[in-house]
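These notes concern the structure reproduced below.
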Amino acid sequence: MRPIGVYRPKWPRPRQLFSGNYYYGLQLQYSQPLSTASRLVPRSQGPLLYPGSRARYASTAMPSTQPTTTSSNQPQQSIEDLISSLPLTRYLRSSTSPKYTEFRPYRTMHSSAQSTHLVTTSLLSHPTKLPTDPIFFLTSPSTQPQPQPQPQIIATAYLSTHLTGHAGYIHGGLPFLLFDDVFARLAAEIFPSRVGMTATMGLDFRAPAVPGRVYVWRAFIEKRESERKVWVRGEMRCLREFGVGEMSARDVDVAGGDGVSVEEREGMLVAEARALFVEPRKVEGMVPLYPK
1 MRPIGVYRPK WPRPRQLFSG NYYYGLQLQY SQPLSTASRL VPRSQGPLLY PGSRARYAST
61 AMPSTQPTTT SSNQPQQSIE DLISSLPLTR YLRSSTSPKY TEFRPYRTMH SSAQSTHLVT
121 TSLLSHPTKL PTDPIFFLTS PSTQPQPQPQ PQIIATAYLS THLTGHAGYI HGGLPFLLFD
181 DVFARLAAEI FPSRVGMTAT MGLDFRAPAV PGRVYVWRAF IEKRESERKV WVRGEMRCLR
241 EFGVGEMSAR DVDVAGGDGV SVEEREGMLV AEARALFVEP RKVEGMVPLY PK
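Per full-length UniProt numbering: the sequence shown = residues 1 to 292.
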């Protein structure tokens, strides 16, 4: 009797796909080390643009104070100076704006969450991702003249180079992540338990986000649907390239702090988002991310 033939594929077995620091394709062996894959695109080459796209969305250069990685403290300090030079930041920190409280949410987060939180463990303080903590400014309800004041948040952050999807553009999932954190911090001011979880969130992209820029988020309460449900809305803007000296020389012109600042108007609207946050029914056993 003729023996049954055994089919032997021409490609390696699944366990052979990865060997050390090299990747092997199904039929073609690719010996480029994974750690140098980014070198396939020369660093001096501009971002890849879609046919018909406008070059104004391209991130072809960093701000004039783009930090280097020669010192672990230098990148963070350079970004801090960049953000602090903005007229918007100077206004929110000034004595003429007593209703805004400045804080760093990832530093004030509950200690049990800091060691496992996605942003604090994967993105924060990495010189090529989020080289410094995002800065939040929260309105103080006690200083607002409205009968039932609603809190608002203005946030700033610098998005560095290694956060892209398509080359030259910030990955589309990152705005979702950052919007979610801004909204969650705002919802914590609404619920007595300070615990709010995302039930649904929609995001409309208005322009591509590019790396190596300062971004500004504005978030506010749209409506309180019930004791356990609140709708939050916000927008994300990308500021144009600028230097510390240029912004420091500008006068503060923010229309009382409630309007869009000059530097925001000079930039571009990247995305608008709307989300529903819900206080869980069995919230007693949960630890709030942002305790009082």
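Note that beta-carbon positions come from the ideal geometry of N, C-alpha and C, so glycine has one too.
Treat the numbers as computed from the prediction; the structure is a model and nothing was measured.
Helix, strand or coil: which one does DSSP assign to residue i?
{"i": "Tyr169", "result": "coil"}
{"i": "Tyr215", "result": "strand"}
{"i": "Leu86", "result": "coil"}
{"i": "Val230", "result": "strand"}
{"i": "Val195", "result": "coil"}
{"i": "Ser224", "result": "Reading the sequence as shown, one finds Arg at residue 224 and not Ser. Of the three classes helix, strand and coil, the one that applies to Arg224 here is strand, per DSSP."}
{"i": "Thr132", "result": "coil"}
{"i": "Leu203", "result": "strand"}
{"i": "Gln114", "result": "helix"}
{"i": "Thr161", "result": "coil"}
{"i": "Phe176", "result": "helix"}
{"i": "Met109", "result": "coil"}
{"i": "Ile154", "result": "strand"}
{"i": "Tyr100", "result": "strand"}
{"i": "Met236", "result": "strand"}
{"i": "Val270", "result": "strand"}
{"i": "Leu123", "result": "helix"}
{"i": "Leu276", "result": "strand"}
{"i": "Leu92", "result": "helix"}
{"i": "Phe183", "result": "helix"}
Who are the near neighbours of residue i in its chain, counting only those whose CB is closer than 8 Å to its CB and skipping five residues on each side?
{"i": "Glu266", "result": "Leu239, Arg240"}
{"i": "Thr200", "result": "Ala275, Leu276"}
{"i": "residue 333", "result": "Because the chain spans 1 through 292 in this model, residue 333 falls outside it and cannot be assessed."}
{"i": "Glu264", "result": "Leu88, Val216, Arg237, Leu239"}
By Cβ distance below 7 Å, which residues in the same chain neighbour residue i in space, the five residues on each side in sequence not counted?
{"i": "Arg206", "result": "Leu269, Val270, Ala271, Glu272"}
{"i": "Glu225", "result": "Trp231"}
{"i": "Thr139", "result": "Lys99, Tyr100, Pro151, Gln152"}
{"i": "Arg39", "result": "Residue placement at Arg39 is flagged as unreliable, the pLDDT there being 33, under the threshold of 50; a coordinate-derived value is accordingly withheld."}
{"i": "Arg107", "result": "Asp133"}
{"i": "Thr161", "result": "Thr128, Pro211, Gly212"}
{"i": "Gly83", "result": "Note that residue 83 is Ile in the sequence shown here, rather than Gly. Within the same chain, Ile83 has close Cβ partners Thr89, Ile135, Thr156, Tyr158, Val214."}
{"i": "Gly245", "result": "none"}
{"i": "residue 371", "result": "Only positions 1 to 292 of the chain appear in this structure, which leaves residue 371 out of reach."}
{"i": "Thr116", "result": "none"}
Quick one: is the Cβ of residue i within less than 6 Å of any heavy atom of the ligand SAM?
{"i": "Gly202", "result": "You won't find the ligand SAM in this model; it holds no ligand whatsoever."}
If I measure Cβ to Cβ from residue i and keep anything under 6 Å in the same chain, skipping five residues before and after, which residues do I get?
{"i": "Met247", "result": "Ser85, Leu86"}
{"i": "Arg274", "result": "Gly202, Arg233"}
{"i": "Arg90", "result": "Val252"}
{"i": "Leu177", "result": "none"}
{"i": "Pro105", "result": "Phe136, Arg185"}
{"i": "Ala155", "result": "Pro134, Phe136, Val182, Trp217"}
{"i": "Ile79", "result": "Pro131, Thr132, Tyr158"}
Between the Cα of residue i and the Cα atoms of the options, which residue gives the shortest distance?
{"i": "His166", "options": "Ala209, Ala219, Val260, Tyr215", "result": "Ala209"}
{"i": "Ala219", "options": "Leu174, Ser160, Pro151", "result": "Pro151"}
{"i": "Leu88", "options": "Ala157, Ser112, Tyr106, Val283", "result": "Ala157"}
{"i": "Pro175", "options": "Val195, Ile135, Leu163", "result": "Leu163"}
{"i": "residue 301", "options": "Glu235, Ile221, Val260, Arg213", "result": "Because the chain spans 1 through 292 in this model, residue 301 falls outside it and cannot be assessed."}
{"i": "Leu289", "options": "Met109, Leu92, Ser160, Val182", "result": "Met109"}
{"i": "Glu222", "options": "Gly245, Val216, Ala187", "result": "Ala187"}
{"i": "Gly172", "options": "Ala199, Asp204, Gly196", "result": "Asp204"}
{"i": "Met236", "options": "Ser115, Leu92, Ile170, Glu284", "result": "Ile170"}
{"i": "Gly196", "options": "Glu284, Gly168, Thr120, Leu92", "result": "Glu284"}
{"i": "Lys292", "options": "Phe103, Arg250, Leu92", "result": "Phe103"}
Within the chosen definition, does the stretch 220–233 reach the stretch 266–281 through at least 3 CB pairs nearer than 8 Å? yes
Would you check if there are 3 or more beta carbon pairs closer than 8 Å linking the stretch 180–191 to the stretch 122–130? no
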